[in-house]
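Protein chains in written order, with our numbering: chain U, 16 to 650; chain P, 284 to 746.
Glycine is no exception: its CB is placed at the ideal position from the N, C-alpha and C atoms.
Spelled out as structure tokens, the structure:
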């Protein structure tokens with residue numbers, strides 16, 4: 016029998032999916048004052064972590080900080096629920112340092128759900144979106160599987176891997192969302208009817224084992240940091256967790272690999288059962304063994320799924336081998352000889368929207384007022400999803416409020432900007448993961464300065480409270496004042512200074528130098544410099560000191576990067592008119608013509624980043640645009 | 284990675300038609316036109332002179348203080364210029380070789396070689412040209428670009444391309460290793476890239492680039508000839524030697540001092556070394572106005588010369604003028620030729636040997652052609668000396684390539700400076716990446732995904 020549709024409530028913004036993208040999108044839209052509906056297939060899976068129980072890491076950790084500076088929730092939520100915190104790359108430069116936390120995944124879900132439930136203007140409801148409500152070329156709402164017609168001014172889709180999801184374990188294949196949840200089977204079909212192009216991607220997750228059956232004594236402990244760090248700029252140092260849970264390192268071995276090779280005919284990756292494209296950077300263990308046949312071992316990290324569970328995640332062991340083979344494989348690994356597998360690993364195939372069909376606001380070019388975010392756009396990772404969710408939520412919120420000026424993050428603004436620009440300009444042929452090497456301005460896009468880069472904009476959007484903003488302004492002023500002071504105060508070549516330098520094995524001072532120059536010496540830090548100059552009126556806190564040291568010590572590199580950014584900004588300022596007719600431009604090379612038509616770049620800078628568009632094409636395009644501009648003025 | 288900032292680069296090009304004109308013009312346009320020109324110009328401070336003035340001075344290579352040419356430099360400040368940007372026009376006098384050299388210096392010091400039609404394009408974009416001309420600008424860009432690209436590809440020597448690809452691959456391996464260390468800090472199957480390893484890599488790569496640049500000057504010589512000045516006081520036998528080398532009577536040979544008045548450039552192949560011979564009027568203090576021009580040119584010829592053949596009269600004692608010439612050519616690659624061995628010896632060879640290595644002193648008689656064989660052999664030895672003949676084919680052939688190679692070398696210097704200042708690997712890597720990008724511009728490979736592909740094909744990464 017046909018489900019009878021009915022008119023349900025009207026909202027400003029509807030967000031479909033309450034994973035990491037959807038949660039951020041809904042919170043942002045609601046915090047901007049929009050009446051927002053957050054619809055999810057299963058209320059018990061809000062901000063659920065179907066894969067690794069951790070947040071952050073290189074590039075991703077910086078995204079979490081950016082989300083925080085823009086008034087998003089991920090940083091707060093992990094700071095409430097982490098069970099281990101580690102700063103990575105401490106031996107390297109400031110641009111690549113990154114924080115990573117192990118999450119209590121149940122607490123993480125619970126805390127996010129709680130925040131969403133308490134948020135004003137936000138309604139959380141269980142349901143499945145089956146199709147869009149359309150008026151002309153614009154989306155005006157959604158219809159659920161229970162027949163409810165919700166109307167809204169804008170809609171964000173963040174369906175994750177639920178879109179026609181299919182789980183594969185050995186020869187077994189069945190329709191399912193992540194972690195055996197109910198899949199969304201109809202929405203994809205409707206999107207294709209609207210003209211959107213979809214494709215199939217694949218990802219996977221490792222088995223979980225019972226911690227009481229692990230022999231930790233033959234593995235290597237990976238404890239958390241003693242030194243205090245949190246993701247949110249708002250979280251006080253004083254609540255840093257002392258009682259942290261360790262991870263454990265172990266390895267596969269030739270016996271593991273032999274079992275995998277002997278069973279390759281049963282591996283869906285190789286038997287042809289899996290059609291979707293998987294990520295190179297997150298290969299299954301069977302993929303690793305085949306592609307890197309000369310390696311006789313691979314690292315595995317045993318990660319706790321939470322404080323109140325004995326389930327452990329076997330990082331590095333993602334697999335879709337048949338269940339019995341998975342169990343055999345596990346038993347070959349040191350420490351897991353007697354491990355009980357609680358859930359098998361699996362591969363999951365799902366639909367994604369080809370992201371080149373999106374604008375830098377994450378609105379689809381085809382359907383007005385429809386935004387997509389997260390894994391649905393071909394990315395992988397909670398942080399990547401959350402960053403997009405926030406951006407899409409903000410833009411959907413602005414649209415609902417009738418504000419024309421969109422919110423766009425450029426490549427030089429944030430890692431989120433790098434990711435979105437990559438997605439909409441180049442599309443992606445595999446699940447996209449952020450890497451630091453994708454950012455050309457990574458020295459500027461540091462995790463320590465995300466607040467300095469973005470708090471202002473978060474405040475303008477109404478996502479950062481005045482109280483927090485004022486605190487930020489104080490910090491900013493303290494840094495600027497101290498930098499200025501260090502550029503005027505001099506340090507004389509006194510005996511004390513040179514005695515100090517001698518203890519560091521450094522060359523003595525011959526003449527007086529500016530404190531800033533003194534600080535640029537590799538062996539000197541801020542506290543050292545303070546021995547020889549007066550203290551500032553108000554002592555700086557550790558984060559302010561970090562800024563002083565980074566901005567002084569790496570000033571030369573930072574300046575070079577900023578010069579490049581300044582040049583780039585001028586190219587970004589060259590807008591390509593939305594109604595440009597590429598067919599009317601003579602002289603574009605065929606490939607460039609096709610690509611420009613497909614991607615529809617919004618600025619000349621974006622056009623230069625499309626592969627196959629050459630400098631001559633850009634030259635012709637810029638002349639054509641200028642010609643149009645003059646023609647308009649003169650007519 | 285895609286270069287998105289080209290719109291605002293300062294561009295340079297030779298604006299006069301190719302070939303030997305009396306004057307050639309090298310043109311610069313863009314906001315850094317004045318500072319870039321200033322780096323290689325000796326004369327007034329170009330940043331301080333008034334706009335639309337023409338300024339006398341010299342182009343000097345800041346790396347070795349070598350004077351390249353005597354020039355007039357027009358300073359044209361925005362917006363009253365052809366492109367409406369800051370412009371500098373350098374009028375060169377030293378022929379196509381010097382002009383190319385000037386262009387190459389500009390490209391090594393921050394300018395980019397202009398794309399075809401780019402000056403006109405900028406003029407248009409900055410509102411200097413009206414709408415009716417826009418179509419023709421686009422046609423110009425299209426037509427010229429296709430041809431220029433073909434030419435650029437044709438000019439790219441297969442060996443050079445292979446060499447640069449090898450160097451890039453070496454850098455890429457290092458970059459990938461750094462990236463893996465950063466993005467997968469816990470991945471233990473890859474060695475941690477240390478600054479020490481980067482230092483070794485940068486040093487090796489720099490050496491390779493310097494070798495390429497060395498073959499560039501070889502290549503230039505093979506193409507344009509080894510600029511060779513024959514100098515000596517009047518009537519020591521300069522023209523006789525030239526005539527002998529040319530095997531025809533191009534220069535006027537007389538016994539009256541000062542009759543060879545015009546600078547004659549002739550090309551001659553000496554044992555596979557192409558010499559561009561510059562005859563001179565002799566370096567002699569003189570009040571004769573006609574002669575003076577020739578003398579000035581002789582001094583210039585020495586400056587321009589890659590090789591100086593200094594002729595002395597073996598039948599006379601060394602004069603002050605001879606000694607002055609010995610001093611003037613001291614820093615040059617030179618051969619001292621003792622002519623007129625058919626006459627009685629008067630010259631004190633011991634004095635000569637105080638400043639000239641014996642193997643570079645060659646006795647000949649231009650009249651009877653004795654000793655000329657040894658001279659030719661010595662020229663060939665000097666040129667090919669220390670160079671493996673099989674490698675000496677022209678590799679790096681144009682100013683653009685040389686400019687990019689020089690910039691790549693500078694990026695490596697920045698790498699080395701960063702290592703010395705104990706900067707962390709990931710910052711040093713910024714300049715290493717820049718070197719890699721610049722080399723990629725030479726071969727036309729600047730595809731960012733290369734790095735990611737390298738990362739994932741070389742290392743087994745992931746959860």
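Check whether the Cβ atoms of residue i and residue j lie closer than 8 Å to each other.
i	j	result
residue 448 of chain U	residue 296 of chain U	yes
residue 692 of chain P	residue 453 of chain P	no
residue 600 of chain P	residue 510 of chain P	no
residue 100 of chain U	residue 256 of chain U	yes
residue 34 of chain U	residue 389 of chain U	yes
residue 469 of chain U	residue 81 of chain U	yes
residue 218 of chain U	residue 293 of chain U	yes
residue 628 of chain U	residue 607 of chain U	yes
residue 127 of chain U	residue 186 of chain U	no
residue 79 of chain U	residue 398 of chain U	yes
residue 224 of chain U	residue 271 of chain U	no
residue 586 of chain U	residue 636 of chain U	no
residue 662 of chain P	residue 519 of chain P	no
Enumerate in chain order the residues of its own chain whose CB-to-CB distance from residue i is below 8 Å, with the five nearest sequence positions on each side excluded.
i	result
residue 212 of chain U	368, 369, 372
residue 665 of chain P	590, 616, 618
residue 364 of chain P	312, 370
residue 538 of chain U	516, 519, 520, 521
residue 375 of chain P	306, 307, 308, 309, 342, 352, 354, 381, 382, 385
residue 602 of chain P	516
residue 544 of chain U	501, 506, 530, 533, 534
residue 450 of chain U	73, 74, 296
On the premise that residue j lies in contact with residue i, defined as a C-beta separation below 8 Å, what is that separation, rounded to the nearest angstrom?
i	j	result
residue 473 of chain U	residue 84 of chain U	6 Å
residue 130 of chain U	residue 18 of chain U	Not confirmed; about 32 Å, so no contact.
residue 358 of chain U	residue 260 of chain U	Not a contact, Cβ separation roughly 20 Å.
residue 36 of chain U	residue 342 of chain U	In fact, because the Cβ distance is near 34 Å, the residues do not count as touching under 8 Å.
In chain order, what residues of the same chain have a beta carbon less than 6 Å from the beta carbon of residue i, not counting five sequence neighbours either side?
i	result
residue 168 of chain U	27, 415
residue 689 of chain P	391
residue 674 of chain P	Unreliable placement is indicated for residue 674 of chain P, whose pLDDT of 33 sits below 50; the coordinate value is still reported in the next sentence. None.
residue 45 of chain U	51, 134, 136, 137
residue 153 of chain U	383, 384
residue 286 of chain P	Because residue 286 of chain P carries a pLDDT of 44, less than 50, the predicted location of this residue cannot be relied on, and no value is offered for it.
residue 357 of chain P	337, 372
For residue i, which residues from the same chain have a beta carbon less than 7 Å from its beta carbon, with the 5 sequence-adjacent residues on both sides left out?
i	result
residue 526 of chain U	508
residue 264 of chain U	234, 235, 237, 314, 316
residue 315 of chain P	293, 393
residue 229 of chain U	317, 327, 350, 351, 354
residue 484 of chain U	470, 474
Report whether the distance from the Cβ of residue i to the nearest heavy atom of the ligand ADP is below 7 Å.
i	result
residue 152 of chain U	By its list of ligands, the structure shown contains no ligand whatsoever, and the ligand ADP lies outside what it can speak to.
*Count the C-beta pairs between the stretch 628 to 638 of chain P and the stretch 652 to 659 of chain P that are closer than 8 Å, then say yes if the count reaches three, no if not.*
Flag = no, the stretch 628 to 638 of chain P and the stretch 652 to 659 of chain P do not touch.
_Against chain P: residues of the stretch 58 to 86 of chain U by CB proximity under 9 Å_ = Taking 9 Å as the upper bound on Cβ-Cβ separation, chain P lies near residues 66, 67, 72, 73, 74 of the stretch 58 to 86 of chain U.
*Are three or more beta carbon pairs between the stretch 562 to 569 of chain U and the stretch 527 to 542 of chain U nearer than 8 Å?*
At 8 Å Cβ cutoff, the stretches touch.
*Could you run through the stretch 311 to 340 of chain U and flag, in chain order, every residue whose CB is less than 7 Å away from some CB of chain P?*
313, 314, 330, 331, 333: these are the residues of the stretch 311 to 340 of chain U whose beta carbon lies less than 7 Å from some beta carbon of chain P, given in chain order.
*Interface positions of the stretch 161 to 185 of chain U facing chain P (Cβ-Cβ less than 9 Å), listed along the chain*: Along the stretch 161 to 185 of chain U, there is no position whose C-beta sits under 9 Å from a C-beta of chain P.
*Using a Cβ-Cβ cut-off of less than 7 Å, list which residues of the stretch 555 to 586 of chain U approach chain P; keep chain order.*
Of all residues in the stretch 555 to 586 of chain U, the ones placed with a Cβ closer than 7 Å to any Cβ belonging to chain P are 569, 572, 579, 582, 583, 585, 586, in chain order.
*In the stretch 93 to 119 of chain U, which residues sit with their C-beta less than 7 Å from some C-beta in chain P, listed in chain order?*
Going along the stretch 93 to 119 of chain U in chain order, one finds 103, 104, 107, 108, 110, 111 with a Cβ nearer than 7 Å to chain P.
*Listed from N- to C-terminal order along the chain, which residues in the stretch 335 to 361 of chain P have their beta-carbon within a distance smaller than 9 Å of any beta-carbon of chain U?*
Taking 9 Å as the Cβ-Cβ cut-off against chain U, none of the residues of the stretch 335 to 361 of chain P qualify.
*What residues in the stretch 459 to 489 of chain P have a beta carbon less than 8 Å from any beta carbon of chain U?*
Listed by position, the residues of the stretch 459 to 489 of chain P near chain U (Cβ gap below 8 Å) are 462, 464, 465, 466, 467, 468, 469, 470, 471, 472.
_At least 3 beta-carbon pairs within less than 8 Å: the stretch 424 to 431 of chain U vs the stretch 54 to 70 of chain U_ = They do not touch, by the three-pair rule.
*Against chain P: residues of the stretch 450 to 473 of chain U by CB proximity under 9 Å*: For the stretch 450 to 473 of chain U, which is checked against every Cβ of chain P, the residues closer than 9 Å are 450, 451, 452, 453, 455, 457, 458.
*Using Cβ-Cβ distances below 7 Å, what residues of the stretch 510 to 542 of chain U are close to chain P?*
If the cut-off is 7 Å between Cβ atoms, the stretch 510 to 542 of chain U has 537 near chain P.
*Within the chosen definition, does the stretch 136 to 152 of chain U reach the stretch 38 to 55 of chain U through at least 3 CB pairs nearer than 8 Å?*
Three or more Cβ pairs drawn from the stretch 136 to 152 of chain U and the stretch 38 to 55 of chain U lie within less than 8 Å of each other, which places the two stretches in contact.
*Decide yes or no for the touch test of the stretch 30 to 50 of chain U against the stretch 162 to 181 of chain U: beta carbon pairs closer than 8 Å, at least 3 of them.*
As far as the Cβ criterion goes, the stretch 30 to 50 of chain U touches the stretch 162 to 181 of chain U, which means the pair count is three or higher.
*Are three or more beta carbon pairs between the stretch 304 to 312 of chain U and the stretch 192 to 205 of chain U nearer than 8 Å?*
In this structure the stretch 304 to 312 of chain U does not lie against the stretch 192 to 205 of chain U, because fewer than three pairs of beta carbons, one per stretch, are closer than 8 Å.
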